[in-house]
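Read through the structure below, which is laid out as structure tokens, and then see the notes.
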Amino acid sequence: MRAKLPMLICMVTGALLLLQFFVPHPFVQDTLLEWISNSAMIVGVFALAIGLASLLHMHGNKIKRRLPGWGFSVITLVTAAFVATIGLLKPAWGPTVAREQYVQCEPDLHGSIRTTRVVRVVHTLFGFDPQSSTTNVLIGAAIMPVRANRTPLYSWYFTYVHSALVSTTFCLLAFYMLTAAYRAMRIKSWEAALLMVAAVIVIIGQVPADQFVPLGHINGVSTFEWLKQLIMDYPNSAAKRSIIIGVALGGLATGIKILTGIERPYLGGGD
Amino acid sequence: MNVLATIDATWFDLDKLNVLVALVILSALILYFIYHARRGKALFVRRIPGLESVEEAIGRATELGKPMLYVSGIGGAGDVATIAAMNILGYVAEQVAHYDTDLLVPCIDPVVMTIEQELVKNSYTRAGRPENYKEDNVCYLTGEQFPYAMAVSGMMVREKPAANFFMGSFAAESLILAEAGAATGAIQIAGTSAEHQVPFFIVACDYTLIGEELFAASAYLSREPLLLGCLKGQDYAKLVIIVALLAGIALLTVDACLPSEFSQWFVQLFASAGG
Numbered sequence: 014m015r016a017k018l019p020m021l022i023c024m025v026t027g028a029l030l031l032l033q034f035f036v037p038h039p040f041v042q043d044t045l046l047e048w049i050s051n052s053a054m055i056v057g058v059f060a061l062a063i064g065l066a067s068l069l070h071m072h073g074n075k076i077k078r079r080l081p082g083w084g085f086s087v088i089t090l091v092t093a094a095f096v097a098t099i100g101l102l103k104p105a106w107g108p109t110v111a112r113e114q115y116v117q118c119e120p121d122l123h124g125s126i127r128t129t130r131v132v133r134v135v136h137t138l139f140g141f142d143p144q145s146s147t148t149n150v151l152i153g154a155a156i157m158p159v160r161a162n163r164t165p166l167y168s169w170y171f172t173y174v175h176s177a178l179v180s181t182t183f184c185l186l187a188f189y190m191l192t193a194a195y196r197a198m199r200i201k202s203w204e205a206a207l208l209m210v211a212a213v214i215v216i217i218g219q220v221p222a223d224q225f226v227p228l229g230h231i232n233g234v235s236t237f238e239w240l241k242q243l244i245m246d247y248p249n250s251a252a253k254r255s256i257i258i259g260v261a262l263g264g265l266a267t268g269i270k271i272l273t274g275i276e277r278p279y280l281g282g283g284d
Numbered sequence: 010m011n012v013l014a015t016i017d018a019t020w021f022d023l024d025k026l027n028v029l030v031a032l033v034i035l036s037a038l039i040l041y042f043i044y045h046a047r048r049g050k051a052l053f054v055r056r057i058p059g060l061e062s063v064e065e066a067i068g069r070a071t072e073l074g075k076p077m078l079y080v081s082g083i084g085g086a087g088d089v090a091t092i093a094a095m096n097i098l099g100y101v102a103e104q105v106a107h108y109d110t111d112l113l114v115p116c117i118d119p120v121v122m123t124i125e126q127e128l129v130k131n132s133y134t135r136a137g138r139p140e141n142y143k144e145d146n147v148c149y150l151t152g153e154q155f156p157y158a159m160a161v162s163g164m165m166v167r168e169k170p171a172a173n174f175f176m177g178s179f180a181a182e183s184l185i186l187a188e189a190g191a192a193t194g195a196i197q198i199a200g201t202s203a204e205h206q207v208p209f210f211i212v213a214c215d216y217t218l219i220g221e222e223l224f225a226a227s228a229y230l231s232r233e234p235l236l237l238g239c240l241k242g243q244d245y246a247k248l249v250i251i252v253a254l255l256a257g258i259a260l261l262t263v264d265a266c267l268p269s270e271f272s273q274w275f276v277q278l279f280a281s282a283g284g
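Sequence lines, in order, name chains A and B. Quick note on my numbering: the first sequence kicks off at 14 and runs consecutively. Quick note on my numbering: the second sequence kicks off at 10 and runs consecutively.
Laid out in structure tokens, this is it:
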């Protein structure tokens, strides 16, 4: 029973998801899908608690036993606690990252000065604006307050810390690509030579090389751009599609194995 | 008649009829070979170097007395590539359990972590070494792609695993992980269903399972007749697709010279309504 119930749930859910692909009825597309998505969300929330417990357990143990690198564990736990805490704070407590500023324009034909309201994001040190204050300005006949737009602290953290770190990590890819390309293009065999030639053509075709070196044109585009497109459209697409077909069939076979209960990794390898 | 058309349109999307027919044909082929395998017919499977090298990697880690790292991608538990990765993890953990080697499994998804903890624990139990299982070795790191890549890279630099496995669903972090692993000198085996990441793994890893080989791994490693039957069915399904592709190429080539309605109908037959 311990194994049969999860298997049954898996089979029924799998069959329902397959059904929704073919049945456009509102009951299936809205009610059923919403129910499945809500169930997945509930499982996800519980799983998040398990994940957090694992994080605390692992890093807590490292700190307790003063294992090598335990300092990193302290930073991890402190940061996790900080992010969780700022998520609970009131949005009004956040730093000021934008101020509504006003631009006074020239007098018009009737001699009256028009003031236009514009919102400008003030980029100060890490988004903090030490000069933020609320004052009033006259716009035409109306007195309008200048508002200091506050952002929730978690949003500030996300923009100025998290996104910056993630972008930095992503940028590292450029260096890794260079080392990977160096390794791939060392000409050791004729296949590597072929790869090298194809790569050089694609790289040159990607940039406007014809502006500097007259390389001729084919069908209205520069020779290297045409060659690049030829490589990308035919050998490259053919290889990619063969992988995609194989993956699709593999996915189908795995789906069948799971729906029929032949493979049950979700049971944790137990029977 | 109108009522019938309305019911059809509501309960079955007729634009997807071709998908259903293809699904039935391909599934029937796979199920037929599973049935055949049940009857004990021997089935041949070609050699996959990436999977042959799993034992070599385990042996090397044991000799060096260093841990092994297993990354099952950034997909969730519902991702087929992650499921395939879990199947390989079960095998690797069972082999590792025989030796006193640590297997580190950092996870990006708490659901995947829970399943993998059970999987590794059961594998150690099956190998008769439940005492060697360490719960903290299968851990949750973070739920985001690049922080996860950084955390795993840090783990590789600090722990210096002798063998790294990257199996499952990967995106831009694949090269970060593979290059960080290559820099530590570990033997690396990768496998992914993401065709855009395959070239990165090929240049940075020692062995790479390309696309479908990842899904074939559980059958290849376990040699279980039912799974091998499924693999055989997949091959025949591929044959059906190849025949359809060749027929399409021939028809469209003829159509370029002698246009016919049949060739257009044939092309439309394979056009998907999406979804």
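Every residue, glycine too, gets a C-beta built ideally from N, C-alpha and C. Please read all numbers here as calculations on a predicted model, not as lab measurements.
Asked, Found
"Proximal chain B residues relative to A:Y189, where beta-carbon distance stays under 7 Å", "L184, I185, E188"
"Element boundaries [alpha helix (DSSP H), containing B:A225]", "221-231"
"Within 8 Å, strictly: CB atoms of B:N141 and B:A106", "yes"
"In chain order, each alpha helix (DSSP H) run of at least 4 residues that lies wholly inside the stretch 156-224 of chain A", "166-170, 176-197, 203-219"
"Whether B:A195 touches B:P170 by CB criterion (8 Å)", "yes"
"CB contact below 8 Å: A:Y173 versus chain B", "no"
"Collapsed DSSP secondary structure at A:T148 in the structure displayed", "Residue placement at A:T148 is poorly supported in this model, since its pLDDT is 48, which falls under 50; the coordinates still yield a value, given next. Coil, per DSSP."
"Contact set between the stretch 16-34 of chain A and chain B, restricted to residues whose Cβ is under 8 Å from the partner", "F34"
"Neighbour list for B:G242 in chain A, Cβ cutoff strictly below 8 Å", "A266"
"Candidates B:P119, B:E153, B:P115, B:Y108: closest to B:S132 by CA position", "B:Y108"
"Residue from A:I200, A:M190, A:H230, A:P221 with nearest C-alpha to B:P208", "A:M190"
"For B:G242, the first and last residue of its enclosing beta strand (DSSP E)", "Looking at the DSSP string, B:G242 is not in any beta strand (DSSP E); the run it does join, the alpha helix (DSSP H), is 234-266."
"Closest Cα partner of B:L261 within the set B:V249, B:Q277, B:C148, B:E188", "B:Q277"
"DSSP three-state assignment for B:Q206, whether helix, strand or coil", "coil"
"Nearest to B:L98 (by Cα), restricted to the options B:W274, B:A199, B:I251", "B:A199"
"For A:S67 and B:Y44, believed in contact at Cβ under 8 Å, the rounded distance", "Not a contact, Cβ separation roughly 42 Å."
"Proximity of B:M77 and B:A86 at Cβ, strictly below 8 Å", "no"
"9 Å Cβ cut-off: residues of chain A touching B:C239", "A266, T267, I269, K270, I275, E276"
"Cβ contact (3+ pairs, closer than 8 Å) linking the stretch 204-221 of chain A and the stretch 229-240 of chain A", "yes"
"Closer than 8 Å at the beta carbon, the chain B residues around A:T192", "E188"
"Reference A:K241, options A:I55, A:V58, A:A212, closest by Cα", "A:A212"
"Straight-line Cα distance separating B:C266 from A:M20", "55 Å"
"Contact with chain B by A:K77, beta-carbon distance below 8 Å", "no"
"6 Å CB neighbourhood of A:M24 in its chain, flanking five on each side removed", "L272"
"B:R232 versus A:F40 - alpha carbon distance", "43 Å"
"For A:G82: DSSP bridge partner residues", "According to DSSP, A:G82 bridges with nothing at all."
"Rounded Cβ spacing between B:F155 and A:V96 (contact assumed at less than 8 Å)", "About 16 Å; that fails the 8 Å criterion."
"For B:E222, the nearest candidate out of B:A93, B:A66, B:W20, B:G190 (CA to CA)", "B:A93"
"Nearest-angstrom Cα separation, counted from A:L46 out to A:G263", "25 Å"
"Residues near B:C214 by beta carbon distance below 6 Å, same chain, minus five either side", "A187, Q197, A199"
"Residue-chain proximity (B:V166, chain A), Cβ-Cβ < 8 Å", "no"
"B:Q206 versus A:A193: straight-line alpha-carbon distance, rounded", "12 Å"
"Chain A contact for B:S227 (CB, 8 Å cutoff)", "yes"
"CB contact below 8 Å: A:D67 versus chain B", "Correcting the residue identity first, residue 67 of chain A is Ser in this sequence and not Asp. Cβ-Cβ to chain B under 8 Å: yes for A:S67."
"Proximity winner among B:P139, B:A46, B:V33, relative to B:K241 (alpha-carbon distances)", "B:A46"
"Burial state of B:F279, where buried means 16 or more other Cβ atoms lie within 10 Å", "exposed"
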